[in-house]
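6 is the number of the first residue of the sequence shown in my numbering; add one for each residue after it. By construction, the Cβ of each residue, glycine as well, lies at the ideal position given by its N, Cα and C atoms. Worksheet: one structure, shown below.
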Amino acid sequence: MRLDIAALSDVGRRKKNNEDSYVVVREGSKGLRLFKEGALICVADGLGGHTGGEIASKLAVRIIGEVVKEKPQNGAVTDEDNEGPLPRIRSCIERANESIFQTNRDLVRTRRPMGTTVLTGIISPKKLFVGNVGDSRCYHIRDGDILTQTEDHSWVDEQVKLGLMSKAEAETDR
């Protein structure tokens, strides 16, 4: 399977520090066990205004990138017919969260704790398996159509879902 993968990060117009991190683990990577063809891609956007957003994003992508090299637990094989690697994606996001949480407990005592969004996907020959936390988004673009594949996890989007804020109000609140 041929994949052309590129990544670029930019600090943007308002921030002074770039708190983004990413990882790509492709077929043929040393020690890879989760899939034979395809790639794992992950982007993490550290939370601005919090202590150590860049540290949180680096921790997340490092942990997620390493999980694909582990042996399946109890000799289990990835179930491609049902959830595919989604349980593994969920597990690696949870492990990254636990690491960031523990780092906050150990190091961050007086300011807003570090955090990050995570968007990760495993590309296989016929499917894309996506996991996300926060408001980093995945889109499917085909023939000029742009389809949102993830749901934001933010206070503003929760207000829209509950009918307490319109989509127009949400756009100006961010």
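Those residues which DSSP pairs with residue i across a bridge
i, result
"Gly-126", "Ile-46, Val-135"
"Thr-121", "Gly-51"
Unbroken beta strand (DSSP E) run spanning residue i, endpoints
i, result
"Ile-146", "144-147"
Cutoff 7 angstroms; reference residue i; Cβ partners in own chain excluding five residues on either side
i, result
"Gly-126", "Ile-46, Leu-133, Phe-134, Val-135, Cys-143"
"Asn-109", "Pro-118, Met-119"
"Met-6", "Glu-42, Gly-43, Pro-130"
Residue i (DSSP reduced to helix, strand or coil)
i, result
"Ile-198", "This structure does not reach residue 198, given that the chain is present from 6 up to 179, and the question cannot be answered."
"Asp-157", "coil"
"Leu-112", "helix"
"Ser-141", "coil"
"Ser-171", "coil"
"Asp-15", "coil"
Spatial neighbours of residue i in its chain, beta-carbon cut-off 6 angstroms, leaving aside the 5 residues before and after
i, result
"Leu-13", "none"
Same chain only: Cβ atoms within 8 angstroms of residue i, ignoring 5 sequence neighbours per side
i, result
"Lys-41", "Glu-32"
N-terminal and C-terminal residue of the alpha helix (DSSP H) that residue i is part of
i, result
"Ala-11", "Premise fails: Ala-11 is in no alpha helix (DSSP H) and is neither H nor E."
- Which ranges does the beta strand (DSSP E) cover as unbroken runs of at least 3 residues, wholly within the segment 17-73, from first to last along the chain? Runs found: 25-31, 44-51.
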